[in-house]
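The block underneath contains the structure these notes are about, expressed in structure tokens.
Numbering (the numbering used here), first residue to last: 692 to 856.
Structure (structure tokens):
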């Protein structure tokens with residue numbers, strides 16, 4: 692559906708619920724979004740905690756690397772450290788932008804939780820039940836909450852500028 696043509700002297704208002712911020716008020720959220728559901732804050736906190744855990748693992752790994760711990764390949768260890776840092780920053784971005792209500796972090800959060808599940812089950816059954824449960828329980832909670840209808844309706848903002856036409 693398109694708007695009727697109008698001249699430059701006749702600026703027509705954007706349609707209600709277009710999903711873009713209101714230009715006059717400078718609002719960051721669309722008009723239809725409503726208040727932030729508690730589940731979004733919970734998911735964001737879980738993902739942020741996972742990012743912090745990866746950052747702590749990267750710090751420990753980097754300290755061990757600098758302290759001279761034996762490794763098979765120095766550059767392989769540096770690459771692993773870079774991956775830990777990259778994943779920690781990616782998860783931090785997912786947590787922040789999910790909390791803000793963007794659409795794209797839902798998929799990133801789901802993939803991260805599935806990775807945590809694939810590591811958590813062997814950890815749980817491999818003799819580390821507390822560590823496995825510490826991974827599995829938050830991941831399962833986040834997965835369930837990601838499919839809540841309030842979370843889906845809140846986190847549905849697409850990034851980008853308002854349409855030109």
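Using N, Cα and C, we set each Cβ at its ideal position, and we do this for glycine too.
A straight line joining the alpha-carbon of residue 739 with that of residue 785 spans about 8 Å.
By the beta-carbon neighbour count (other beta carbons within 10 angstroms, threshold 16), residue 821 is exposed. Between the alpha carbons of residue 733 and residue 777 lies a gap of roughly 23 Å. At the C-beta level, residue 808 and residue 830 come within 7 Å of one another.
Contact between residue 728 and residue 838 does not hold, since their C-beta atoms are separated by about 13 Å, which reaches or exceeds 8 Å. Following the DSSP letters along the chain, one finds residue 824 inside the alpha helix (DSSP H) bounded by residues 820-837.
Contact fails between the segment 787-798 and the segment 811-825, because fewer than three Cβ pairs, one in each stretch, are under 8 Å apart.
Residue 804 holds the alpha-carbon nearest to the alpha-carbon of residue 832 among 757, 798, 780, 804.
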